[in-house]
Structure formats: structure tokens, C-alpha cells
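The opening residue of the sequence shown carries number 6 in the numbering used here; numbering runs sequentially from there.
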Amino acid sequence: MKKGYFITGTDTGVGKTLVAGGLAALYKKSGLNVGVMKPIATGCGRINNHLVSDDAVFLKSLAEADDDYELINPVSLEQPLAPSVAARLSNTRIDMDKIHAAFEMLNERHDFLIVEGIGGLLVPLDEYYFVVDMASEMELPLIVVSRPSMGTINHTLLTVSYAREHGLDVRGIIINDSAGTCDNMVMNTNIDEIKRLTELPVVGVIPYDKRLDMKNCQKEILMKIFNDKIDKGIII
Numbered sequence: 006m007k008k009g010y011f012i013t014g015t016d017t018g019v020g021k022t023l024v025a026g027g028l029a030a031l032y033k034k035s036g037l038n039v040g041v042m043k044p045i046a047t048g049c050g051r052i053n054n055h056l057v058s059d060d061a062v063f064l065k066s067l068a069e070a071d072d073d074y075e076l077i078n079p080v081s082l083e084q085p086l087a088p089s090v091a092a093r094l095s096n097t098r099i100d101m102d103k104i105h106a107a108f109e110m111l112n113e114r115h116d117f118l119i120v121e122g123i124g125g126l127l128v129p130l131d132e133y134y135f136v137v138d139m140a141s142e143m144e145l146p147l148i149v150v151s152r153p154s155m156g157t158i159n160h161t162l163l164t165v166s167y168a169r170e171h172g173l174d175v176r177g178i179i180i181n182d183s184a185g186t187c188d189n190m191v192m193n194t195n196i197d198e199i200k201r202l203t204e205l206p207v208v209g210v211i212p213y214d215k216r217l218d219m220k221n222c223q224k225e226i227l228m229k230i231f232n233d234k235i236d237k238g239i240i241i
């Protein structure tokens with residue numbers, strides 16, 4: 006049986022990478038042999054003529070993983086666009102066989118695997134193939150990352166509903182306020198409604214902290230925040 010989580014979000018830029026990295030660091034600290042994966046990344050930069058994703062590098066660092074980069078991020082695309090579009094503009098197609106082979110190898114190497122999706126569940130990877138299809142094939146339970154601000158009830162309920170329609174096992178929701186854009190009344194009432202309407206636990210609420218900027222993220226601070234704010238009894 007595959008063990009781990011597929012981290013999805015209600016939107017692009019909602020904080021999936023921060024959450025995936027923080028969870029990986031928690032599992033590592035607890036003594037688990039944890040692996041990480043960012044199957045598809047767009048908006049990648051070139052280093053020594055190789056496309057590299059900042060998200061994948063961040064995950065690799067937080068998990069202290071010694072797996073080859075190509076296993077962690079088997080598909081890298083340069084244009085910061087939806088994967089299907091970025092691939093089309095690069096005159097290529099996303100190689101799902103390569104992704105599945107990397108996924109299976111990482112599963113064999115690790116006791117637990119954190120996989121970060123790209124965008125939300127309906128982001129297209131090919132003409133009629135979406136993130137939800139990839140998540141279904143990986144057979145990992147889902148954690149949904151949501152914003153705390155206005156509109157998040159609708160976005161979160163749509164994501165959870167769609168995941169359930171496709172047979173995915175949604176385990177919980179993490180609210181990410183690392184941008185610090187939401188007041189307490191909005192956040193607290195949104196959280197209450199999300200819990201009531203989804204009947205899912207809100208596993209944690211990541212607060213604003215300027216030290217959580219991903220480009221200069223201090224690992225010790227990230228781990229302390231996740232250790233304090235995540236209900237580890239639910240997810241570990």
C-alpha cells in the first residue's frame with residue numbers, strides 16, 4: 006500500500022509548496038524515511054542548461070532527500086503557464102510514463118511520500134487529462150491547501166466535492182495565511198463553515214510570518230511553526 010499524501014490546492018499560489026515542504030520536514034523529524042515529489046513544474050529556470058523548479062528544490066531541501074532531482078521533478082517546463090499549454094508551446098507532451106516510473110521508484114525507496122500537485126485539481130496536463138486524474142492514479146489520500154480569505158468557502162467546497170466525485174480520499178484541509186492578508190473574523194468564520202460543510206478536519210492554520218518567504222525560508226522557523234500549528238495526530 007502506498008503511504009503519503011497528495012497535496013493539492015484550491016488555486017495556484019495558495020501555498021502548496023510551503024505546506025508540502027513543512028509536512029515533509031515534520032515527517033523527517035519524526036524519524037520517517039520521507040520522500041518528496043513535484044511531478045510537473047512550469048515556470049522553471051535554467052541552470053547549466055537544465056530546467057530547474059524552485060518548488061522542487063525547496064521540497065528536496067526540506068525533506069533532506071538524496072534522490073536525484075530528475076526523480077523528484079521528472080517534468081520541467083519553462084513557460085509559467087498551465088502544463089498542457091507550456092508543453093504545447095515547447096513542442097512536447099507531458100510524459101506520464103516517466104512520471105509514473107519516478108513515482109513508483111520513490112515509493113520503493115521511502116516509507117512515506119509527499120507529492121505536490123500543480124495548481125488545482127482541474128489544471129490540464131494534456132488535452133483531456135487533469136491533475137485529478139494523476140492524483141487518482143497515484144492512489145494517495147489528499148490534503149487540500151486553502152486560503153483563509155473571502156471566497157475560500159466556495160473554492161474549498163468545489164475542490165473537496167470534485168475530489169470526492171472522483172473517488173479521492175480527502176483527509177483534511179490546511180489553511181495557509183502566510184501572506185498575512187486576512188483578518189481574524191473572516192478567517193475564523195470561514196474555517197468554521199468549511200469544517201461544517203465538508204465534515205473534514207482543518208488540520209492546521211499556517212500564520213503569517215515574514216520568515217516564511219520561500220526564497221529565504223528559515224527551515225528551523227518553518228519546522229517550529231508546523232510543529233506548533235499542525236495537528237500531527239490526524240496526519241502522522
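For every residue, glycine included, the Cβ atom is placed at its ideal position computed from N, Cα and C.
- By the neighbour-count definition (other C-beta atoms within 10 Å, threshold 16), Arg-152 is a buried residue.
- Separation of the CB atoms of Leu-118 and Gly-177 is rounded to 17 Å, and the pair is thereby denied contact status at 8 Å.
- Across the structure, Asp-233 and Asn-96 are spaced so that their CA atoms are roughly 46 Å apart.
- In terms of Cβ geometry, Leu-111 and Ile-77 form a close pair [threshold 9 Å].
- Collapsing the DSSP output to three states places Pro-129 in a strand.
- Taking a cut-off of 8 Å on C-beta distances, the stretch 39-56 touches the stretch 71-87, as three or more cross pairs fall below it.
- In the three-state scheme derived from DSSP, where H, G and I count as helix and E and B as strand, Met-101 is classed as helix.
- Between the stretch 130-142 and the stretch 79-92, the count of C-beta pairs closer than 8 Å reaches three or more; the two stretches touch.
- In the structure shown, Ile-123 falls within a coil segment according to DSSP collapsed to helix, strand and coil.
- In this chain, the alpha helix (DSSP H) harbouring His-160 covers 157-170.
- If you draw a straight line from the Cα of Leu-56 to the Cα of Arg-98, it is about 16 Å long.
- About 11 Å separates the beta carbon of Leu-205 from that of Thr-164, a gap too long to meet the 8 Å contact definition.
- The three-state secondary structure of Leu-56, taken from DSSP, is strand.
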